[in-house]
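Read through the structure below, which is laid out as structure tokens, and then see the notes.
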Amino acid sequence: MSAFIDALAEYARRHPEEAGAAAEFAELARAGGADPYRRERLEGHFTASAWLVAADGRRALLTHHRKLDRWLQPGGHADGDRDLAHAALREAEEESGLRDLVVEPALFDLDRHWIPERGVEPGHWHHDVRFVVRATGSEDFVVGEESHDLAWRDVADIAVDPASDDSLRRMARKWLARSGSL
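With the working numbering applied, the sequence shown has no gaps in its numbers, which climb one by one up to 191 at the end.
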């Protein structure tokens with residue numbers, strides 16, 4: 010846990026405007042009681058996502074999420090995995106069918122969002138920890154059962170698309186600033 014708390018502190022230094030979010034995530038990591046890395050903790054739990062970029066760095070792979078019916082980045086529950094970078098990589102591979110993916114260990118983005126009630130599962134908070142994952146081989150994806158579709162989208166287009174999720178636009182802007190394209 011200490012490494013994750015340290016990573017959150019480093020994230021807060023790099024993104025002072027998000028220091029409050031980093032502190033909230035650190036508080037969840039330190040929380041007693043039910044394991045925050047397991048989906049059964051309905052007060053809120055960690056999830057892991059991938060900002061999955063093509064080798065050229067200009068495109069990101071998005072999934073049209075079947076349950077939420079929105080275009081989002083690949084990701085999902087940690088399922089007890091305390092190595093959230095590993096969980097993000099696993100989710101990227103599972104949801105895209107891509108191999109030869111490489112995850113960067115530094116936190117790329119944090120997002121806390123509400124998941125509405127679905128069937129017997131009550132509404133709950135996801136504390137999503139996002140990592141850059143790079144495609145280094147074939148970019149030929151496979152649409153799995155969790156998605157309606159997948160698509161490579163130009164990062165610059167995502168950054169300004171008013172129909173895109175706010176957090177997607179934020180990640181696109183971060184990526185463009187990092188790559189010097191802003």
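From the three backbone atoms N, C-alpha and C, an ideal C-beta is built for every residue, glycine too.
Please read all numbers here as calculations on a predicted model, not as lab measurements.
| said: Quick check on the burial criterion: 16 or more other C-beta atoms within 10 angstroms. Buried or exposed for lysine 183? | reply: Taking the sequence shown and counting its residues from 1, one reaches residue 183 at position 174. Looking at its Cβ environment, which holds 16 or more other Cβ atoms inside 10 Å, lysine 183 is buried.
*asked:* Considering only their Cβ atoms, is the gap separating aspartate 120 from arginine 99 smaller than 8 angstroms?
replied: Along the sequence shown, read from residue 1 onward, the residue named residue 99 stands at position 90. Along the sequence shown, read from residue 1 onward, the residue named residue 120 stands at position 111. Result no, Cβ atoms of arginine 99 and aspartate 120 do not sit closer than 8 angstroms.
*If you compare alpha carbons, which of Arg79, Gly84, Leu81, Ala57 is closest to aspartate 92?*
Locating residue 92 in the sequence shown gives position 83, counting from the first residue. Out of Arg79, Gly84, Leu81, Ala57, Ala57 has the C-alpha closest to the C-alpha of aspartate 92.
Q: Identify every run of the beta strand (DSSP E) within the segment 42-92, keeping only runs that are complete inside it and at least 3 residues long; order them along the chain.
A: 54-62, 68-74, 84-86
Review point. In or out: leucine 17 buried (at least 16 other Cβ within 10 Å) or exposed?
Key: Against the sequence shown, residue 17 aligns to sequence position 8. Burial call: buried.
Practice prompt. With DSSP as the reference, label phenylalanine 34 as helix, strand or coil.
Written response: On the sequence shown, residue 34 is found 25 positions in, with the first residue counted as 1. Per DSSP, reduced to three states, the secondary structure at phenylalanine 34 is helical.
Task: Secondary structure of valine 111, DSSP reduced to three states - done: Counting from one through the sequence shown, the residue named residue 111 turns up at place 102. Here DSSP, grouped into helix, strand and coil, assigns valine 111 to strand.
- Taking the alpha helix (DSSP H) that phenylalanine 3 falls in, what are its first and last residues? Outside the displayed range of the chain (10 to 191) lies residue 3, so it cannot be described from this structure.
Notebook entry, point to check: Buried or exposed: where does glutamate 126 fall if 16 or more other Cβ atoms within 10 Å of its Cβ makes it buried?
Noted result: Within the sequence shown, numbered from 1, the residue matching residue 126 stands at position 117. Looking at its Cβ environment, which holds fewer than 16 other Cβ atoms inside 10 Å, glutamate 126 is exposed.
Note to self: Within 8 angstroms, do at least three Cβ pairs link the segment 78-88 to the segment 97-117?
What the structure shows: yes
Can you give me the start and stop residues for the alpha helix (DSSP H) that aspartate 175 sits inside? Translated into the one-based positions of the sequence shown, residue 175 becomes position 166. Counting along the chain, the alpha helix (DSSP H) containing aspartate 175 begins and ends at 175-187.
Q | Strand pairing of alanine 160, partner residues [DSSP] | A | By 1-based counting over the sequence shown, the position of residue 160 is 151. For alanine 160, which the question treats as bridged, DSSP gives the partners Leu71.
* Thinking C-alpha only, which one of Phe55, Ala38, Ala69 is nearest valine 141? -> If you number the sequence shown from 1, residue 141 lands on position 132. Ranking the options by Cα distance to valine 141, first place goes to Ala69.
If arginine 75 and serine 156 are in contact, beta carbons under 8 angstroms, what's the gap, nearest whole angstrom? Within the sequence shown, numbered from 1, the residue matching residue 75 stands at position 66. Within the sequence shown, numbered from 1, the residue matching residue 156 stands at position 147. Right, the Cβ-Cβ distance comes to about 6 angstroms (below 8 angstroms), so this counts as a contact.
- Item | Inter-residue spacing [alpha-carbon to alpha-carbon] between methionine 180 and arginine 47 | Mapped onto the sequence shown, residue 180 falls at position 171. Mapped onto the sequence shown, residue 47 falls at position 38. Roughly 25 angstroms between the two C-alpha positions.
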